[in-house]
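In this text, residue positions in the sequence shown follow this note's numbering: the first is 28, and each later residue adds one.
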Amino acid sequence: MLDSTGIETNEAAGRLEAILGLSVPETHRYIYDEAKRIADEILIPAANLHDREESFPEDQVRILAQGGFMGILAPKEFGGQGLDNLALTLALEEINRGCASTGVTLSVHNSLLSSPLLHFGTDEQKARLFPGLASGESMGAYAITEPDHGSDALSIETTCRREGDEWILNGTKAWITNGSRAGTIITFATMDPALRSKGINAFVVDPTMPGFSVGKKELKLGIRGSDTVQLVFDEMRVPAENLLGEEGQGFKIAMHTLDGGRIGIATQAVGIAQACLDVAVDFAEGHEMFGRRLADNQLVSHKIADMATRIEASRLLTYRAALLKDAGKPHSRQASMAKLSSSEIANDAARMALEIHGGAGIGRQSPIERLFRDAKICEIYEGTSQIQRLVISRHVRPDRG
Ligand code: CAA
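Take a look at the structure:
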């Protein structure tokens, strides 16, 4: 069977081999195949319902957890898959093609929690936290954004002060994905705002500890099934052994982590864009206008060609960023390029697919109406498109950024 990329879909990761000429290990083939099967059989049929009801895709996340998708990056010794970012990318594209609310849940869990724990965690922290994270029993969240500080992450106001063997946290975090469901949260707080980046610490927080509470639930334009809330730290006492990395290293941990997270959101955007293309091709093949198939109309076929080309280019950028991260090489610029390009095509593909559908695309029964709304967040979270351009331009113009 061929999908709209023209590549055999029953050949797991045949896509990657065809595009890059790389041979993909059996583990990656398997995870791609499984993600694709779950997307087609379980995620796509439920996505519109969870969107409409703004309900968390509980069953879908449980099935993915049982399949090992919450532990893709977690080490094998702690029950994880011990795989790499390429495997995560292959899986997340398919999951997001099926349901972007489910996709961001897994992306944050793996790339914003497991990944920094792997890089910066102590042996004790890994042994304590990974088993729950790998099985999906404990969900991960990443809390840096505050009500008044999104893009300017260096200006966060949440404070931490040391008292004996504990840190005391005070402040409010906003727009936190997985926030009300998380069993482990990475959060960031400043010892002294005057110290700027050198004053920020990272903590792995257990939300059952006194002083922590979940604030208001955010109602959203898209990805309406995902869990997005405020978090409140009110004299929350965090044991000193929950500091992640060194004192004052928190901002670098935050940025390093977001470099990887942005590959996850680039992947989400590619998945959404591919879903738009698939639905548009189906519609254009199955409908007639002015006595011929819509797909044979030159205006429509050119839209399809533009979508397919830009999706492929964005997918390549995303694979490249993942491969660089896996090779331990700098990937900040490449991750930002992948996110910028992919999130733009996700939104353009949603608009083009909607135009191909015409009136049929704006009805709530149509997946396009949901995909159109789901695409927008890719240009906003884990760094807006303006922030990606800032990061890219600083790399391209290192002395003038
Ligand atoms: N890796 C490691 N260190 C880095 C880094 C990176 N990629 N980027 C910057 N740093 C270091 C710098 O070297 C610098 O170190 P020194 O102080 O020792 O010199 C320090 O961090 C400060 O960097 P800058 O001077 O570049 O800081 P800035 O304020 O000018 O710009 C920014 C930083 C790029 C704008 C940053 O604030 C940013 O990325 N903002 C966007 C925030 C964001 O993406 N939020 C997403 C929230 S999470 C989310 O959305 C999750 C979800 O729910 C899905």
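From the three backbone atoms N, C-alpha and C, an ideal C-beta is built for every residue, glycine too. Note that the structure is a prediction, hence the values are computed from the model and not measured.
- Relative to ligand 1, the nearest heavy atom lies less than 8 Å away from the CB of residue 225.
- Unbroken beta strand (DSSP E) runs of no fewer than 3 residues, entirely contained in the stretch 215 to 300, are found at 227 to 232, 239 to 244 and 255 to 266, following chain order.
- Counting only residues of its own chain and dropping the five nearest sequence neighbours on each side, residue 270 has a CB closer than 8 Å to the CB of 194, 228, 229 and 230.
- Measuring C-alpha to C-alpha distances from residue 207 to each of 285, 245 and 162 identifies 245 as the nearest.
- At a cut-off of 8 Å, the beta-carbon of residue 409 counts as near ligand 1: some heavy atom of the ligand is closer than that.
- Across the set 411, 260, 111 and 125, the C-alpha of 125 shows the shortest separation from the C-alpha of residue 91.
- Counting only the Cα atoms, residue 264 lies some 21 Å from residue 256.
- By a beta-carbon distance limit of 8 Å, residue 369 contacts residue 293. Their separation comes to about 4 Å.
- Secondary-structure assignment with DSSP links residue 316 through a beta bridge to 319.
- No residue range can be given for residue 97, since it is assigned to no beta strand (DSSP E) and is classified by DSSP as neither H nor E.
- By the beta-carbon neighbour count (other beta carbons within 10 angstroms, threshold 16), residue 389 is exposed.
- The residues 100, 101, 160 and 167, in chain order, have a CB closer than 7 Å to that of residue 141 in the same chain once the five nearest residues on each side in sequence are set aside.
- If you check the CB distance, residue 295 and residue 405 come in under 9 Å.
- The beta carbons of residue 60 and residue 349 sit no closer together than 9 Å.
- Shortest Cα-Cα distance from residue 417 to any of 163, 179, 153 and 83 involves 179.
- Ligand 1 approaches residue 202 closely enough that one of its heavy atoms is under 8 Å from the residue's Cβ.
- Under the DSSP definition of a beta bridge, residue 173 partners with 176.
- In this structure, the CA atom of residue 260 is about 14 Å from the CA atom of residue 169.
- Secondary structure at residue 362: helix, using DSSP grouped into helix, strand and coil.
- With a cut-off of 8 Å, the C-beta of residue 278 is classified as near ligand 1, since at least one heavy atom of the ligand falls inside that distance.
- Of the other Cβ atoms in all chains shown, fewer than 16 fall within 10 Å of the Cβ of residue 423; this residue is therefore exposed.
- Rounded to the nearest angstrom, the gap between the Cα atoms of residue 237 and residue 363 is 37 Å.
- Residue 180 has its Cβ nearer than 8 Å to a heavy atom of ligand 1.
- Annotation: residue 145 to residue 233 spans about 18 Å, alpha carbon to alpha carbon.
- Between the alpha carbons of residue 378 and residue 334 lies a distance of about 10 Å.
- Here residue 195 carries a strand assignment [DSSP, helix/strand/coil].
- DSSP, reduced to helix, strand and coil, places residue 405 within a helical segment of the structure shown.
- Each of 288, 321 and 403 was checked against the Cα of residue 360, and the nearest Cα belongs to 288.
- CA-to-CA, the gap between residue 396 and residue 373 works out to about 13 Å.
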